[in-house]
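I have placed the structure first, in the form of structure tokens, so that the comments after it can refer back to it.
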Amino acid sequence: MKFKAAAVQVTSTARISNNLTKCRQLVEEAANAGAKVIGLPENFSFMGSESEKKNLLGQIEEETNAFLRETAKDLGIYLLGGGFPTMAPTGKVFNTAVLADPNGKEIFRYHKAHLFNAVVGDGFNYSESNSTESGGKVPDVIQTEYGKISSAICYDIRFPELFRALSEKGVELCFLPAAFTVPTGEAHWHVLLRARAIENFMYVIAPGQTGTHDPHGNRKTFGHSLIISPWGEILDEIDKEEGFVIAEIDLQKLGEIRNQLPSLNHRLF
Numbered sequence: 001m002k003f004k005a006a007a008v009q010v011t012s013t014a015r016i017s018n019n020l021t022k023c024r025q026l027v028e029e030a031a032n033a034g035a036k037v038i039g040l041p042e043n044f045s046f047m048g049s050e051s052e053k054k055n056l057l058g059q060i061e062e063e064t065n066a067f068l069r070e071t072a073k074d075l076g077i078y079l080l081g082g083g084f085p086t087m088a089p090t091g092k093v094f095n096t097a098v099l100a101d102p103n104g105k106e107i108f109r110y111h112k113a114h115l116f117n118a119v120v121g122d123g124f125n126y127s128e129s130n131s132t133e134s135g136g137k138v139p140d141v142i143q144t145e146y147g148k149i150s151s152a153i154c155y156d157i158r159f160p161e162l163f164r165a166l167s168e169k170g171v172e173l174c175f176l177p178a179a180f181t182v183p184t185g186e187a188h189w190h191v192l193l194r195a196r197a198i199e200n201f202m203y204v205i206a207p208g209q210t211g212t213h214d215p216h217g218n219r220k221t222f223g224h225s226l227i228i229s230p231w232g233e234i235l236d237e238i239d240k241e242e243g244f245v246i247a248e249i250d251l252q253k254l255g256e257i258r259n260q261l262p263s264l265n266h267r268l269f
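Residue 169 in full-length UniProt numbering sits at position 169 of the sequence shown, and the numbers go up by one each step.
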């Protein structure tokens, strides 16, 4: 089984309509280039302040869900919305990734488990857990005609046990949508993504945010969206501009790699 997959890279802001218009344009371009499975980054529909998020939460959730279902159905694709706020029972929000199928049906939903609380040297204090609730669970793995698909979100990449758990569920293609900071991106983005792909012999599709997201220039992201093979090869990568990457996914090749080097069957612990 061979097919094309794509990852979209955008510079999202607090303007929901503008963000979704840009995402629709790039998703259409990727679909026209032959992509059947497409991922959007974390915060693709809204990337604003916590106060703006709180005031717009219902609108963000409603418009984003509708966008994913309608776009997937219109274009006949699997579309991963890589992270947007949805209501949590605690009064906080979940950072939620949703996969819609070519019929416009939601078939996967994951609430980000690991929350980013860190000071990384870019002048911005990241305290995701102040307003966001951890989902606390390993993502599901969904069987499709394009293989077994799942997704983590951004900071999850630093926790290999999550990806090992996905490996045990048979994952073949894993999204890692992100809004990676510039300092951590420069230091760790490529090596962490390649490591997760190699350790678990899976394809990794990593759609990222890029550029500056607020009028004051406080929030900046790394970009460099890419697609990685199970052998750790970077199949396609974009730098800092908005756009998309696209590459062929070969599930037969994936099976051959796993058979030739069956390290997943050799684990002792």
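Every residue, glycine too, gets a C-beta built ideally from N, C-alpha and C.
Pair within 8 Å by beta-carbon distance, residue i and residue j
i           : j           : result
residue 109 : residue 90  : no
residue 79  : residue 244 : no
residue 112 : residue 157 : no
residue 45  : residue 16  : yes
residue 201 : residue 230 : yes
residue 41  : residue 82  : yes
residue 61  : residue 87  : yes
residue 2   : residue 250 : yes
residue 10  : residue 242 : yes
residue 6   : residue 38  : yes
residue 167 : residue 68  : no
Identity of the residues DSSP links to residue i by a beta bridge
i           : result
residue 79  : 38, 100
residue 85  : 95
residue 111 : 96
residue 28  : Answer by DSSP bridge pairing: none, since residue 28 is not bridged.
residue 250 : 2
residue 147 : 144
residue 132 : 93
residue 169 : DSSP output for residue 169 lists no bridge partner at all.
residue 178 : 208
residue 9   : 243
Supposed close pair residue i, residue j - CB separation, criterion 8 Å
i           : j           : result
residue 193 : residue 176 : 6 Å
residue 206 : residue 225 : 6 Å
residue 172 : residue 254 : 6 Å
residue 124 : residue 218 : 6 Å
residue 159 : residue 189 : That pair is no contact at about 15 Å.
residue 92  : residue 49  : Not confirmed; about 16 Å, so no contact.
residue 34  : residue 53  : No, residue 34 and residue 53 are not in contact; Cβ-Cβ is about 35 Å, not under 8 Å.
Alpha-carbon to alpha-carbon, residue j and residue i
i           : j           : result
residue 120 : residue 114 : 16 Å
residue 22  : residue 66  : 15 Å
residue 136 : residue 73  : 30 Å
residue 235 : residue 99  : 23 Å
residue 12  : residue 105 : 25 Å
residue 237 : residue 122 : 24 Å
residue 191 : residue 215 : 31 Å
residue 266 : residue 179 : 34 Å
residue 240 : residue 142 : 31 Å
residue 31  : residue 70  : 14 Å
residue 174 : residue 133 : 22 Å
residue 94  : residue 262 : 37 Å
residue 252 : residue 148 : 13 Å
residue 209 : residue 63  : 19 Å
residue 197 : residue 150 : 13 Å
residue 58  : residue 155 : 25 Å
residue 28  : residue 257 : 32 Å
residue 55  : residue 85  : 12 Å
residue 211 : residue 8   : 14 Å
residue 185 : residue 232 : 18 Å
residue 268 : residue 75  : 44 Å
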